[in-house]
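Numbered by my numbering, the letters in the sequence shown go through residues 46 to 134 in order.
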Amino acid sequence: AAVGGPASWAEVVAGLDREGIEVLLADITAPEVRAAGFHVVRALSPDLVALDVVHSARFLGHPRLYRRWRDGPAIDGPADLVPVPHPFP
Numbered sequence: 046a047a048v049g050g051p052a053s054w055a056e057v058v059a060g061l062d063r064e065g066i067e068v069l070l071a072d073i074t075a076p077e078v079r080a081a082g083f084h085v086v087r088a089l090s091p092d093l094v095a096l097d098v099v100h101s102a103r104f105l106g107h108p109r110l111y112r113r114w115r116d117g118p119a120i121d122g123p124a125d126l127v128p129v130p131h132p133f134p
């Protein structure tokens with residue numbers, strides 16, 4: 046896909062696979078939605094961390110939060126994580 050352009054599911058899954066991230070996909074498209082030319086896909090990955098909805102109830106126990114990513118800095122504990130909540134609109 047072009048930079049900033051849409052990627053196919055195959056490209057998304059291949060990119061996750063290159064990073065060692067397992068992902069499970071299920072096509073849950075209703076017939077009416079498919080007839081309109083759209084698809085609905087449910088994705089689940091035990092290797093990814095969901096966005097927090099409530100800052101005071103963040104889940105800080107997932108090992109991925111503390112794993113070094115590429116050339117980023119080492120993260121030793123919750124104090125090293127970004128302290129501000131995700132900027133939901």
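Built from N, CA and C at the ideal position, the CB exists for glycine as well.
Item, Value
"Throw me the rounded Cβ distance for the Ser53 and Val68 pair, which I believe falls under 8 Å.", "That belief does not hold up - the Cβ atoms of Ser53 and Val68 are roughly 14 Å apart, past 8 Å."
"Along the chain, where does the alpha helix (DSSP H) that runs through Arg63 open and close?", "Trp54 to Arg63"
"For Ile73, which residues of its own chain have a beta-carbon under 8 Å away from its beta-carbon, when the five flanking residues on both sides are left out?", "Val85, Val86 and Arg87"
"Can you tell me which of the three DSSP states Val86 falls into?", "strand"
"For Gly122, tell me which candidate among Val129, His107, Ile66 and Val99 has the shortest Cα-Cα distance.", "His107"
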